[in-house]
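For reference, the structure discussed in these notes is given below.
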Amino acid sequence: MYKCYIFALLFAAMLRGKDHFGKTLYLDGQCDFVQLFAPVIYDVPFTIEAWAYLYGPGGGVYAQNPIFEQRSLETVMYASAILLNAQNGEGFTAWTIRDYEHYLNRAKTPQLPHFEWHHYAGVVTRDDLTLYIDGQPVDSTINEQSGPFHLDYDHVAIGRHAYLEIVAGYFNGFIDDLRIWNYARSGQEIREGMTSPLTIEDERIRTGLVAYWDFDRYFEFWKNDVHWLGVEDMSGNGHHGALVGNAELV
């Protein structure tokens, strides 16, 4: 049975074919995620992008499949939130932000089928926020948020979405090559970069790169006097993440 389980994971990972470069983060939708220890995003503009493969509905109260969250537990003004959600529990892929002083803005599109690899990207400028799927813009809306996004936050995580006293979603599937930039990537930049690993040694690549998790290897580190097994932030900015629950690299 265990061999069949491992084969199923590897088979799904291999489906990316030539676009797959190394291991991926696997989350089973049951209370596992990657815990980050500090806010990654402070102000606009910024971009979040990642590959994701959904096995099915996520875990949690609303069966969401969140890729990345940085938010307060509260849901009112003066409670910031950034959420790239591959499946929001209402039939949509959603890109949502709220800063310290405004109500939220959201771009969304009907969610994609499960059991397929897709590239998701959320871009924020001072004027608008845009959701990209596989390098193509699918929805855009006016942006009323200018930041800051770090003054009132409770948690930052990959693969989990929590607020108030609930967990709305645990990601069920694979996440790979998650990148966060401190500028608004153009559609052309997203398309040209999404099928290749980043060359961190290239100073032009590092410029504007806030965090980068390629999920290719385990990484051990100390944080808050605790020894963690996790994933390394390859950008050099120290946003290492701790693997929680059954989160693993395959």
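Be aware that the sequence shown starts at -12, since it is given in the numbering used here, and climbs by one per residue.
Think of the CB as a built atom: it goes at the ideal place given N, C-alpha and C, for glycine as much as any other residue.
Only a predicted model underlies this, so the values are computations on that prediction, with no experimental measurement involved.
Could you tell me the distance, in whole angstroms, from the CA atom of residue i to the CA atom of residue j?
i, j, result
"V231", "L12", "12 angstroms"
"C(-9)", "G156", "Note that C(-9) scores 43 on pLDDT, short of 50, meaning its location in the model is unreliable; the coordinates nonetheless yield the value given after this. About 26 angstroms."
"P75", "N92", "Checking the sequence, you will find Asn at residue 75 rather than Pro. For N75 and N92, the distance between alpha carbons rounds to 15 angstroms."
"A39", "S67", "25 angstroms"
"N233", "I153", "20 angstroms"
"E190", "N72", "30 angstroms"
"H214", "V237", "22 angstroms"
"Y205", "L118", "30 angstroms"
"A25", "I187", "22 angstroms"
"E77", "Q51", "9 angstroms"
"H105", "P184", "16 angstroms"
"H148", "D141", "11 angstroms"
Of the choices the options, whose alpha-carbon is the least far from that of residue i?
i, options, result
"T112", "K95, Q132, I120", "Q132"
"V48", "Y150, T128, W82, I177", "Y150"
"I69", "F55, I192, M181, W168", "F55"
"I84", "A94, Q51, E77, G78", "A94"
"V27", "L236, A234, V237, G228", "G228"
"E235", "H105, H214, G146, E152", "G146"
"Q57", "K10, D189, H226", "H226"
"P32", "W82, S127, T194, D114", "D114"
"I192", "L118, M221, H142", "M221"
"T128", "T96, H105, Q51, V143", "T96"
"Y29", "A50, E190, V143", "V143"
"N130", "G78, W82, Q51", "W82"
"I34", "E176, L216, H105, P184", "Inspection of the sequence shows that residue 34 is occupied by Thr rather than by Ile. Taking only the C-alpha atoms, the option nearest T34 is E176."
Are there 16 or more other CB atoms within 10 angstroms of the CB of residue i, so buried, or fewer, so exposed?
i, result
"G223", "exposed"
"Q17", "exposed"
"D15", "buried"
"E207", "exposed"
"Q123", "exposed"
"W209", "exposed"
"E219", "buried"
"T194", "exposed"
"F(-6)", "With a pLDDT of 45 at F(-6), under the threshold of 50, the predicted position of this residue should be treated as unreliable, though the coordinate-derived value follows. Label assigned to F(-6): exposed."
Quick one, are the C-beta atoms of residue i and residue j less than 8 angstroms apart?
i, j, result
"E36", "A108", "yes"
"L116", "V125", "no"
"W53", "F161", "Here residue 53 turns out to be Pro, not Trp, going by the sequence shown. Result no, Cβ atoms of P53 and F161 do not sit closer than 8 angstroms."
"T80", "I120", "yes"
"K10", "D212", "no"
(message) Quick test of the definition: if touching needs 3 or more C-beta pairs under 8 angstroms, does the segment 171 to 188 touch the segment 17 to 24?
(response) The segment 171 to 188 is not in contact with the segment 17 to 24.
(message) For the pair the segment 100 to 115 and the segment 35 to 48, tell me if three or more CB-CB distances fall below 8 angstroms.
(response) Touching, yes, given that three or more Cβ pairs across the two stretches are closer than 8 angstroms.
(message) Using a Cβ distance threshold of 8 angstroms, determine whether the segment 157 to 168 contacts the segment 182 to 199, with at least three qualifying pairs required.
(response) A contact exists between the segment 157 to 168 and the segment 182 to 199.
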